[in-house]
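J.: With the working numbering, the residue at position 128 of the sequence shown is 138, and numbering never jumps. The structure's right below; bear with me while I get my questions together.
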Amino acid sequence: MSRITFEGLKKAIEMVLEENDMEPTRAEDMAEKVMNLFGYDKTITDNLLSPRERDTFYKLEDLDILFTEEESTNLPSGKKWRIHYWVLNEKKIRELLEEEQEIEDEEDTEKKTIYEDLSDEVWERGST
């Protein structure tokens with residue numbers, strides 16, 4: 011399976027922002043933040059984020075672009091240590107991109123069929 015690209019992530023974010031009546035112009039900035047922080051990974055630890063980045067991630071979690079996971083381990087002192095991760099929701103992003111591709115394909119098909127419905131007489135020049 012191919013990697014999620016910046017353009018793909020940006021398009022997916024635009025789509026969910028529009029679905030939620032939010033301004034899609036923020037999609038590029040959000041996608042850039044995500045790609046810069048995730049790099050080639052699918053997960054990052056929460057403690058790497060600044061408060062502003064975390065705020066953006068919470069918004070993207072609400073839009074189902076990211077989700078969180080938690081891991082617990084026991085310290086020698088007996089206390090539990092929890093590590094929180096942010097995970098790129100690749101399945102949702104791919105679904106959104108496939109949906110967008112289907113819409114574009116339908117529009118292309120509609121454009122092609124406009125001319126197919128015209129009679130041959132329409133194409134004849136100067137026969138009047």
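Cβ coordinates follow ideal geometry from the N, Cα and C atoms, glycine included.
Please check the pair lysine 52 and valine 97, which I expect to be a contact at CB under 8 angstroms, by giving their CB distance rounded to whole angstroms.
T.: For the purposes of this step, residue 52 is identified with residue 42 of the sequence shown, where counting begins at 1. For the purposes of this step, residue 97 is identified with residue 87 of the sequence shown, where counting begins at 1. With a Cβ gap of about 6 angstroms, lysine 52 and valine 97 count as contacting.
J.: Thinking leucine 19 and valine 44 are a contact (beta carbons under 8 angstroms), I'd like their distance in whole angstroms, please.
T.: Against the sequence shown, residue 19 aligns to sequence position 9. Against the sequence shown, residue 44 aligns to sequence position 34. Rounded, the Cβ-Cβ distance is 6 angstroms, consistent with contact.
J.: Given a threshold of 16 other Cβ atoms within 10 Å of its Cβ, counted over all protein chains shown, does asparagine 99 qualify as buried or as exposed?
T.: Residue numbering aside, residue 99 sits at position 89 when the sequence shown is read from its first letter. Under this definition asparagine 99 is a buried residue.
J.: Leaving out five residues before and five after leucine 73 in sequence, what residues of the same chain have Cβ atoms less than 8 angstroms from its Cβ?
T.: Walking along the sequence shown from the start, residue 73 turns up at place 63. These residues qualify, in order along the chain: Ile23, Val26, Leu27 and Asn30.
J.: Taking the beta carbon of isoleucine 75 as the centre, do at least 16 other beta carbons fall within 10 Å, making it buried, or is it exposed?
T.: Translated into positions along the sequence shown, residue 75 becomes position 65. Flag for isoleucine 75 reads buried.
J.: Given a threshold of 16 other Cβ atoms within 10 Å of its Cβ, counted over all protein chains shown, does leucine 128 qualify as buried or as exposed?
T.: For this step, residue 128 is matched to residue 118 along the sequence shown. Exposed, since its Cβ has fewer than 16 Cβ neighbours within 10 Å.
J.: Quick check: the Cα distance between aspartate 39 and threonine 55, rounded to an integer number of angstroms?
T.: Your numbering for residue 39 matches position 29 in the sequence shown. Your numbering for residue 55 matches position 45 in the sequence shown. Looking at the two C-alpha atoms, the distance is approximately 20 angstroms.
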